[in-house]
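Have a look at the structure below before the remarks.
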Amino acid sequence: MNELIIRQPDDLHIHLRDGDLMSLAVEHVSAQFQRAIVMPNLSLPVVSTTMAAKYRARILSSIPAGRTFSPLMTLYLTDRTTPAEIRAAKGSGFVYGVKYYPAGATTNSDSGVTDLSARYNVLAEMSKCGLPLLVHGEVTDKSVDIFDREKVFIDSVLSKIVTEFPELKVILEHITTSDAVDFVDSCSENVAATITAHHLLLNRNDLFKGGIKPHHYCLPILKRETHRLALVRAATSGSPKYFLGTDSAPHEKGTKEAACGCAGVYTSHAAMEFYAMAFESVGALDRLEGFTSHYGAKFYGLPLNEGYVKLIKNPQKIVDQYSYPGGVVVPFKAGETLDWCCTT
Ligand code: DOR
Ligand code: ZN
């Protein structure tokens, strides 16, 4: 297949940042996607509907002229979030989910929840008003092996939430293991998962191929090949429980190429091309559109987008880096040539 026309996709998990890095992220995401679920883990986390309104306005003002991109906002769940804040978020019409970061799990997660059971009144309110819980599914106990943290989280935390709140819509974000796929498959239709392009294309060997590769370091960390294959099977299965969420997370080059480099892979510059590569690798391009453009929208109760994008076989070289006023970002597969090219 050399050409594919599919309904315009949504990115249901992205980091757009703030300030001068935001313009680059918004320019790239709005070139391919109609809508995106925007993560709230700014250095000052987005913990209230008022903050989300202001952040949304800043994003809207950085959309390039002529594009019609809609940021779908999220709130950051903290130990202080109240049911009243959940009602305000739902009532706003622009907040689409609440993000749960276990405190200390990843970038800017220090304000995350220390004891989720103390927030059950908040989850009850979310369940009642139909606001989904978006979950970073890793335990933070440093004595648990980093490659096991997703599975331990599912067994010790997530299974309880799902049992306690059967009506709550839950999205297990950026899943990385066959255990996560088995869990999501075993749950009701209220439980779904996003899958990133980099977790479909890389395994943990790619962190160390020919030397340490800081631009492949993300959280949850890449897992072994058997898990990658399980993710590819889930994404290409045609199950509406799995949909596109890039987790594209730009960081300035120097903060990744450092003695203590931060987590995040930047894929927004060619997200659809990367997903097309993954689906093509198992002969499943006919299943791409459901994953990129139908299932996520349906789970969030959104109408399908009206426009279309075209993927064509037209080799393109990824640049080595993107400049922005504060520095440079090294994109996923920098300097490599991709088979696919996505145009609107
Ligand atoms: O690798 C990651 N980077 N994982 C996350 O959960 C957060 C993200 C970021 O914000 O940089
Ligand atoms: Zn993320």
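Each residue of the sequence shown is one higher than the last, beginning at -13 in our numbering. From the three backbone atoms N, C-alpha and C, an ideal C-beta is built for every residue, glycine too. Since the model is a prediction, treat every value here as computed from it, not as a measurement.
CB contact below 8 angstroms: residue i versus chain B
i	result
A235	Within the model displayed, chain B is absent; a lone protein chain is all it includes.
Exposed unless 16 or more other CB atoms sit within 10 angstroms - verdict on residue i
i	result
K137	buried
M(-13)	exposed
A244	exposed
L188	buried
N300	exposed
C328	buried
D(-3)	buried
V305	exposed
T60	buried
K128	exposed
D131	exposed
The ligand ZN heavy atom lying under 7 angstroms from the CB of residue i
i	result
E13	no
E243	no
E124	no
D233	yes
E136	no
H364	Because the chain spans -13 through 330 in this model, residue 364 falls outside it and cannot be assessed.
E150	no
H237	no
E159	yes
M59	no
M8	no
Residue i: CB within 7 angstroms of a non-hydrogen atom of the ligand DOR
i	result
G250	yes
K183	Here residue 183 turns out to be Ala, not Lys, going by the sequence shown. Every heavy atom of the ligand DOR is 7 angstroms or more from the Cβ of A183, so no.
H1	yes
T93	yes
S205	Before going further, note that residue 205 is Leu rather than Ser in the sequence given. L205: yes, Cβ under 7 angstroms from the ligand DOR.
N(-12)	no
L189	Correcting the residue type first, residue 189 is Asn in the shown sequence and not Leu. Outside the cutoff, so no.
Helix, strand or coil at residue i [DSSP, three-state]
i	result
M59	strand
E(-11)	strand
T329	strand
A320	coil
T180	strand
Y87	coil
L290	coil
G313	strand
Discussion item. If we require 3 or more residues per run, which beta strand (DSSP E) segments fall completely within the segment 109 to 174?
Written reply: If we require 3 residues or more, the beta strand (DSSP E) runs fully inside the segment 109 to 174 come out as 119 to 121 and 156 to 158.
Fill in: Uninterrupted alpha helix (DSSP H) stretches inside the segment 5 to 54 (no shorter than 4 residues)
6 to 18 and 35 to 47
Worksheet entry | Three or more C-beta pairs below 8 angstroms linking the segment 206 to 216 and the segment 154 to 162 | yes
Fill in: Start-end ranges of the alpha helix (DSSP H) lying completely within the segment 245 to 286, minimum 4 residues
257 to 267 and 281 to 286
Worksheet item: Counting Cβ pairs, one atom from each stretch, are 3 or more of them under 8 angstroms apart for the segment 188 to 197 and the segment 135 to 154?
Response: no
Worksheet item: Do the segment 282 to 289 and the segment 1 to 8 touch if we need at least three Cβ pairs shorter than 8 angstroms?
Response: no
Fill in: the segment 114 to 133 contacting the segment 83 to 101, beta-carbon criterion three pairs below 8 angstroms
yes
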